[in-house]
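Student:
There are 2 protein chains.
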Amino acid sequence: DIVQALSINKAGALAGKTLLITAGPTHEPIDPVRFIGNRSSGRMGYAIATAAAQQGATVTLISGPTALSTPHGVERINVSTALEMHDAVMQHIKGKAIFIAAAAVADYRIATPAAQKIKKSTAQTSLTLIPNPDIVAEAAALPNRPYIVGFAAETEAVIDNARAKRERKGLDMIAANQVGPGLGFDTEDNCLHILSEHAERTLGPAPKPSLANELLLLIADAVNEQH
Amino acid sequence: DIVQALSINKAGALAGKTLLITAGPTHEPIDPVRFIGNRSSGRMGYAIATAAAQQGATVTLISGPTALSTPHGVERINVSTALEMHDAVMQHIKGKAIFIAAAAVADYRIATPAAQKIKKSTAQTSLTLIPNPDIVAEAAALPNRPYIVGFAAETEAVIDNARAKRERKGLDMIAANQVGPGLGFDTEDNCLHILSEHAERTLGPAPKPSLANELLLLIADAVNEQH
């Protein structure tokens, strides 16, 4: 703990900055035992939270269900569903300098989750899904909003999809990566394509802690240029 | 390792017996990043595998996705979907003395998983689900089958639902527990109602390792009475 505490740099690139970070998947209940999830491990968001605290930021981490430990010096708020994550973000975003939305929030939830475990039948059945709120787009539409960084996990046309997503949602920056077998989710190494209004950069392939540090330096530069 | 190895009892209640155990949830893919899962942690099945090896059995563990370590002395086979678990069970069940089906296998899978990540739209949508094979019932219908123990996680009418499930599937024994907030899944303590043709017993509430030991002693007694 002493070693970790010493590594927090009061003169770091993010000294004095307040960061809100989301991480991990969300679980959308089907019934009390079943849910729709996704393959996010939470590692990228946790790596960003860890690095941000080490660079001197005050970090609030809103986390979906993961098996990861809370990074040293980080305030962690646990949520399960996209609606819970939405409410936690809207509650904590006010006054933050930077919002990094690294969670893999479910786009849809079950229209009417069952109160009791659904019994198996031999018939075909179906689940009706309704869209969840778009947390990062809603955050980007707030007055006096922070600098906002989104993520895009894509299986195809990564850069084009990410560029369109950044503009459609009104984000300052987007970090895109390709997912699929051996890439992105549930892996230690990753590659990030960083797109902002005036710049495009590729970081990695590298371990997520290195990527997190590089990404935060880019964000710190962009935020300092704004002011 | 030496301490653990010493705890394996060559004269234990299951000495010389071969056990096949399933544990954990299954993940049924919706697209490359989304899946339907369930709240099984895998702890009960892993506790049974650990205790069975300590009681002298030769243990094969077929495991869905979990964050748990392989128990000492246990052969572990990793699977993800219900179909993969089905195939692994059918491949490894032959010649086993006992089959304990502790996995929380998904009853349904997505009829046609998408090859690429499904794009978000603002419209309501639906998923068509089709039934998965009933692994434990299929195992119970095999010729020269092992002694078969199933599990029933129920949110209501626990004993009645479990008794009906045991008879419908042709199992030798069923271990039933109530699930819901603070109970069953993702918890350390548990309560098991054990039903066989001639006996009903309640074990616990107790930590899962203790329940596993008690359950295996009941199974060993039943198997020894058969011969």
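Quick note, the sequences are listed as chains A and B, same order. Heads up: the first sequence runs through residues 2 to 228, numbered per my numbering. Heads up: the second sequence runs through residues 2 to 228, numbered per my numbering. Every residue, glycine too, gets a C-beta built ideally from N, C-alpha and C.
Can you tell which of A/D108, A/I119 and A/P144 has the C-alpha that lies nearest to the C-alpha of B/Q125?
Tutor: For the purposes of this step, residue 125 of chain B is identified with residue 124 of the second sequence, where counting begins at 1. That would be A/D108, whose Cα lies nearest to the Cα of B/Q125.
Student: Please confirm if A/V80 has its CB atom under 9 Å from at least one CB of chain B.
Tutor: In the first sequence, counting from the first residue as 1, residue 80 of chain A sits at position 79. A/V80 does not count as touching chain B.
Student: With a threshold of 6 Å on Cβ separation, who are the neighbours of B/L21 within its own chain once the five nearest residues in sequence on each side are excluded?
Tutor: Along the second sequence, read from residue 1 onward, the residue named residue 21 of chain B stands at position 20. Only T61, H93, I94, K97 and F100 meet the Cβ criterion.
Student: Output, in chain order, the set of chain A residues within a Cβ distance shorter than 8 Å of B/E249.
Tutor: A question about residue 249 of chain B goes unanswered here, because the residues of chain B that appear run from 2 up to 228.
Student: On the DSSP letters alone, give me the boundaries of the alpha helix (DSSP H) that A/T82 sits inside.
Tutor: Here residue 82 of chain A refers to the residue found at position 81 of the first sequence. Unbroken run through A/T82: none, as it is neither H nor E.
Student: To which residues does DSSP link B/M174 through a beta bridge?
Tutor: Within the second sequence, numbered from 1, the residue matching residue 174 of chain B stands at position 173. Bridge partners of B/M174: B/V150 and B/S197.
Student: Tell me which same chain residues have a C-beta within less than 7 Å of the C-beta of B/T23, skipping the five on either side of it?
Tutor: Here residue 23 of chain B corresponds to residue number 22 of the second sequence, with the count starting at 1. Counting only Cβ-Cβ distances below 7 Å, and skipping sequence neighbours, we find G46, I63, M86, V90, A102, A103 and A104.
Student: Among A/P26, A/D32 and A/A213, which has the Cα closest to the Cα of A/Q117?
Tutor: Along the first sequence, read from residue 1 onward, the residue named residue 117 of chain A stands at position 116. Of the candidates A/P26, A/D32 and A/A213, the one whose C-alpha sits nearest the C-alpha of A/Q117 is A/D32.
Student: Please go through the same chain and pick out, in chain order, the residues whose beta-carbon is closer than 7 Å to the beta-carbon of B/V106, but skip the five residues on each side of it.
Tutor: The residue labelled residue 106 of chain B in the question sits at position 105 within the second sequence. T27, A83, M86, N133 and I136.
Student: Starting from the Cα of A/L69, find the closest Cα among A/D88, A/A54, A/G43 and A/T51 and give me that residue.
Tutor: Numbered from its first residue, the first sequence carries residue 69 of chain A at position 68. With distances taken between Cα atoms, A/L69 lies closest to A/G43.
Student: Please specify which runs of the beta strand (DSSP E), each continuous and at least 3 residues long, are wholly inside the region 38 to 97 of chain A, giving them in chain order.
Tutor: For the region 38 to 97 of chain A, whole beta strand (DSSP E) runs of length 3 or above, ordered along the chain, are 59 to 64 and 76 to 79.
Student: Considering Cα atoms alone, identify which of B/G205, B/L172, B/A53 and B/A158 is closest to B/A141.
Tutor: As a first step, residue 141 of chain B must be located in the second sequence, where it is residue number 140. When only C-alpha atoms are compared, the closest one is B/L172.
Student: Starting from B/G229, find everything on chain A with Cβ-Cβ shorter than 7 Å and list it in chain order.
Tutor: Residue 229 of chain B is absent from the structure shown; chain B starts at 2 and stops at 228.
Student: Closer than 7 Å, Cβ to Cβ, to anything on chain B: give me those residues from the region 194 to 213 of chain A, in chain order.
Tutor: Of all residues in the region 194 to 213 of chain A, none has a Cβ within less than 7 Å of some Cβ in chain B.
Student: Can you look up B/S211 in the DSSP assignment and give me helix, strand or coil?
Tutor: Translated into the one-based positions of the second sequence, residue 211 of chain B becomes position 210. Correct three-state label for B/S211: helix.
Student: Report the residue from A/T51, A/G38, A/V80 and A/A213 whose alpha carbon sits nearest the alpha carbon of A/H73.
Tutor: Taking the first sequence and counting its residues from 1, the one referred to as residue 73 of chain A is at position 72. Out of A/T51, A/G38, A/V80 and A/A213, A/T51 has the C-alpha closest to the C-alpha of A/H73.
Student: What residues match up with B/Q117 in a beta bridge as DSSP calls it?
Tutor: Against the second sequence, residue 117 of chain B aligns to sequence position 116. None; B/Q117 has no bridge partner.
Student: Where DSSP assigns a beta bridge to A/E168, which residues make up the other side?
Tutor: Sequence index remark: in the first sequence, residue 168 of chain A carries index 167 (1-based). DSSP output for A/E168 lists no bridge partner at all.
Student: What residues of chain B sit near A/Q170, judged by a beta carbon separation below 7 Å?
Tutor: In the first sequence, the residue the question calls residue 170 of chain A occupies position 169. Looking at the sequence provided, one finds Lys at residue 170 of chain A rather than Gln. Under the 7 Å cutoff, chain B gives no residues; its nearest Cβ is about 11 Å from A/K170.
Student: Expressed to the nearest angstrom, what Euclidean distance is found between the alpha-carbon atoms of B/I119 and A/T67?
Tutor: Locating residue 119 of chain B in the second sequence gives position 118, where the first residue counts as 1. Locating residue 67 of chain A in the first sequence gives position 66, where the first residue counts as 1. Their backbone Cα atoms lie some 23 Å apart in a straight line.
Student: Please list, in chain order, all residues of the same chain as A/N225 whose beta carbon is under 8 Å from its beta carbon, the five residues on each side excluded.
Tutor: By 1-based counting over the first sequence, the position of residue 225 of chain A is 224. Contacts found: none.
Student: Which residues in chain A have a C-beta closer than 8 Å to the C-beta of B/Q125? List them in chain order.
Tutor: Along the second sequence, one-based indexing puts residue 125 of chain B at 124. Those within 8 Å of B/Q125 in chain A are A112, T129, L130, I131 and P132.
Student: Would you decide whether B/P144 is buried or exposed? Buried here means 16 or more other CB atoms lie within 10 Å of its CB.
Tutor: Here residue 144 of chain B refers to the residue found at position 143 of the second sequence. Classification for B/P144: exposed.
Student: Kindly indicate which three-state DSSP category A/L15 falls into: helix, strand or coil?
Tutor: Mapped onto the first sequence, residue 15 of chain A falls at position 14. Correct three-state label for A/L15: coil.
Student: Spatial neighbours of A/R167 within its chain, please: CB distance less than 6 Å, with the 5 preceding and 5 following residues excluded, ordered by chain position.
Tutor: Within the first sequence, residue 167 of chain A is the residue found at index 166, counting from 1. Hits under 6 Å: I175 and L196.
Student: Where does B/I111 land, buried or exposed, given buried means 16+ other C-beta within 10 angstroms?
Tutor: Indexing the second sequence from 1 puts residue 111 of chain B at position 110. The residue is buried, with at least 16 neighbouring Cβ atoms inside 10 Å.
Student: Hey, A/T129 and B/S127: beta-carbon distance below 9 Å or not?
Tutor: As a first step, residue 129 of chain A must be located in the first sequence, where it is residue number 128. As a first step, residue 127 of chain B must be located in the second sequence, where it is residue number 126. Yes. Within cutoff.
Student: DSSP three-state call for A/V224: helix, strand or coil?
Tutor: Counted from its first residue, the first sequence places residue 224 of chain A at position 223. Helix.
Student: DSSP on B/L216, reduced to helix/strand/coil?
Tutor: As a working note, residue 216 of chain B is residue 215 in the second sequence. Three-state DSSP puts B/L216 in a helix.
Student: With 16 as the cutoff for other CB atoms within 10 Å, does B/A200 come out buried or exposed?
Tutor: The residue labelled residue 200 of chain B in the question sits at position 199 within the second sequence. Classification of B/A200: exposed, given that the 10 Å Cβ count is below 16.
Student: Answer with buried or exposed for B/I220, where buried requires no fewer than 16 other C-beta atoms within 10 angstroms of its C-beta.
Tutor: As a working note, residue 220 of chain B is residue 219 in the second sequence. Buried, because 16 or more other Cβ atoms sit within 10 Å of the Cβ of B/I220.
Student: What do you reckon, are the CB atoms on A/L218 and A/A14 nearer than 9 Å?
Tutor: In the first sequence, the residue the question calls residue 218 of chain A occupies position 217. In the first sequence, the residue the question calls residue 14 of chain A occupies position 13. Yes, the Cβ-Cβ distance between A/L218 and A/A14 is below 9 Å.
Student: Tell me which residues of the region 92 to 110 of chain B have at least one Cβ-Cβ distance to chain A shorter than 8 Å, keeping chain order.
Tutor: For the region 92 to 110 of chain B, which is checked against every Cβ of chain A, the residues closer than 8 Å are A105, A107, D108 and Y109.
Student: Between the Cα of A/A53 and the Cα atoms of A/G25, A/F36, A/V75 and A/T156, which residue gives the shortest distance?
Tutor: Position 52 of the first sequence, counted from the start, is the residue given in the question as residue 53 of chain A. For the residues A/G25, A/F36, A/V75 and A/T156, the minimum Cα distance to A/A53 belongs to A/V75.
Student: In angstroms, rounded to a whole number, what distance separates the CA positions of B/R169 and B/A177?
Tutor: Position 168 of the second sequence, counting from 1, holds the residue named residue 169 of chain B. Position 176 of the second sequence, counting from 1, holds the residue named residue 177 of chain B. Between B/R169 and B/A177, the C-alpha separation is close to 15 Å.
Student: Of all Cβ atoms in chain E, is any one closer than 9 Å to the Cβ of B/I31?
Tutor: Here chain E cannot be found, since the structure's protein chains are A and B.
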